[in-house]
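Worksheet for the structure shown next.
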Amino acid sequence: MPDIDPVPVRSTLTGDGLIHPTTAHDLLMYRLHRLLAVAGSLVVRLCEGGYGITRREWGLLMVLAQQPGLPPAALAEHLGLDRARTSRAITSLLNKQLITRSTMPGDRRHAMLFLTPAGLSLHDELFPQIRALNQDLLSQLTPGAVRALDQALAAMQQQAEALVATRTDLPRTYRLRGGRQQLSRGGQDST
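Sequence positions in the sequence shown follow the numbering used here and run 394 to 584.
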């Protein structure tokens, strides 16, 4: 796990840093990223070291356990992943015989994904361990603080989705072409 500097006390005790950010440690998305990097490393170790699956593959298994028969595009949307990454994870899970793909008669483009018995068994064994890690992380909070956090996360998710839909002024990414696109100083495509 990478060494990560602790968050300055001012931000964590008063909340002023989130309200009036002046450093990287005060930025909400930066702090959430750091939290996921640290706590998520435990999930990665458990999934990859203990079960031979990636965290992304685990996400697919969790969703398919709750919503069997999802098509790949709906699965990608549910997880917030691009279709290429989702397709690679699906292929890997198919090769590991943890999921199956069923196609509609006469239309192979429309597929539905299901857990195999081995996939369901893996899910049922791994989920309680992941749940325990999440509960350990929340153990420093009171029940009221956990409820407030849950409500805050739901509100922030809704706001984030609204921002993505409305902030069309921000430049688009070009990851499918190997990284960010080089633009001239005037903001126009230089190619």
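Where is the CB? At the ideal position from N, CA and C, for every residue including glycine.
Only a predicted model underlies this, so the values are computations on that prediction, with no experimental measurement involved.
Buried or exposed for residue i, going by 16 or more other Cβ atoms inside 10 Å?
i: E450; result: buried
i: G579; result: Unreliable placement is indicated for G579, whose pLDDT of 49 sits below 50; the coordinate value is still reported in the next sentence. The residue is exposed, with fewer than 16 neighbouring Cβ atoms inside 10 Å.
i: A545; result: exposed
i: T559; result: exposed
i: T479; result: buried
i: G443; result: exposed
i: G473; result: exposed
i: G512; result: buried
To the nearest angstrom, how far is it from the Cα of residue i to the Cα of residue j?
i: F520; j: V436; result: 11 Å
i: L463; j: T416; result: 42 Å
i: R502; j: H471; result: 19 Å
i: Q552; j: R427; result: 21 Å
i: C440; j: T509; result: 18 Å
i: E518; j: L454; result: 12 Å
i: P388; j: L556; result: Past the boundaries of the shown model lies residue 388; the chain is included only from 394 to 584, so the question cannot be answered.
i: A535; j: N527; result: The sequence as given places Thr at residue 535; Ala does not occur at that position. So the alpha carbons of these two residues sit roughly 14 Å apart.
i: Q522; j: S495; result: 30 Å
i: A477; j: A467; result: 13 Å
i: M585; j: P461; result: For residue 585 there is no data in the structure shown, the boundaries of the chain being 394 and 584.
i: S404; j: R540; result: Reliability of the predicted coordinates at S404 is poor, the pLDDT of 49 falling under 50, and no value is obtained from them.
i: M394; j: H413; result: Low local confidence applies: a pLDDT of 47 at M394 is under 50, so the model's placement there is unreliable, with the coordinate-based value given in what follows. Distance between the alpha carbons of M394 and H413 is about 30 Å.
i: P465; j: I483; result: 8 Å
i: M422; j: H516; result: 30 Å
Quick check on this structure: which residue in the options has the alpha carbon closest to the alpha carbon of residue i?
i: N384; options: A525, G499 and G445; result: Lying outside 394 to 584, the shown extent of the chain, residue 384 is not represented and no answer is given.
i: A432; options: A541, A467, L531 and R540; result: L531
i: F507; options: E518, L457 and A467; result: L457
i: S485; options: T447, I412 and G537; result: T447
i: S514; options: G499, L491 and D529; result: L491
Report the three-state DSSP secondary structure of residue i (helix, strand or coil).
i: D562; result: coil
i: T535; result: coil
i: D409; result: helix
i: L463; result: strand
i: S404; result: Confidence is the limiting factor: at S404 the pLDDT is only 49, short of 50, which leaves the residue's position unreliable and the question unanswerable from this model.
Enumerated in chain order, which unbroken segments of the alpha helix (DSSP H) with a length of 4 residues or greater are wholly contained in the segment 411-459? 421-437 and 448-459
Would you list, in sequence order, the uninterrupted beta strand (DSSP E) runs of no fewer than 3 residues that lie entirely inside the segment 470-520? 492-497 and 500-508
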